[in-house]
Structures are given as structure tokens and as C-alpha cells.
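**Q**
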Amino acid sequence: MPGWRGKDHWHHNGGDDHLPPGTEVPDPPGDGKACGDDCKQKVATVVTTAAGAYIIYRCVRMIPSLAPPLWWTIPGNIAAP
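For the sequence shown, counting from 1, position 81 maps to 81 in UniProt numbering; every step adds exactly one.
1) If I'm right that I55 touches S65 with Cβ under 8 Å, what's the distance once you round it to whole angstroms?
2) By how many angstroms is the C-alpha of D27 removed from the C-alpha of Y20?
3) Name the residue from A44, I78, K40 and G22 whose alpha carbon lies nearest to the alpha carbon of R63.
4) I need the DSSP call for P64, collapsed to helix, strand or coil.
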């Protein structure tokens, strides 16, 4: 566990880095991989899939309202998610 060990320095990463008192612990290095086209494509796929699933859900939910005795429920089914 990082923390004070003694009074003269700060141990970080199990004692690999010795930092003087008051020094900020550096941020861990990034993986160096920026979000490129592959990441954007994955996000677009997830958003499209979620939107499609929601539209299908709304259509299936509307089917019972199409029977003539239940036409009065159509406004409620359209308004309520």
C-alpha cells in the first residue's frame, strides 16, 4: 500500500519509486491507444442496436392496442415509454 514509510520519503508502487515529501504521485501512464475509427464504429453499433431494440419493443407493445375493443388504449401506449 502506498504511503509514508519513515520520515524522509514517500514510497509509490511498492517502493519502486521514491518521491520526496510533498511531491504529487504521478498519474499512471496511458495505454497509448487513442479512440480511433474502431472505437467510433463500436459506439455506433451499440447505439444503433439499442435504438432498434427500443423501436421493436414499442411496436410489440402497441400490438394489443390494435384490436378494436382496445383502441382507447392507443394514446396511452404512444405516450408512455
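We treat Cβ as the ideally placed atom computed from N, Cα and C, and that holds for glycine. A quick note: this is a predicted structure, and the numbers were derived from the prediction, not measured.
**A** The relevant details are as follows:
1) Not a contact, Cβ separation roughly 16 Å.
2) Looking at the sequence shown, residue 20 is not Tyr but Pro. Rounded to whole angstroms, P20 to D27 spans 16 Å at the Cα level.
3) The residue you asked about is not Arg; residue 63 is Ile in the sequence shown. Comparing Cα-Cα distances from I63 to each of A44, I78, K40 and G22, the minimum goes to I78.
4) Here P64 sits in helix by DSSP.
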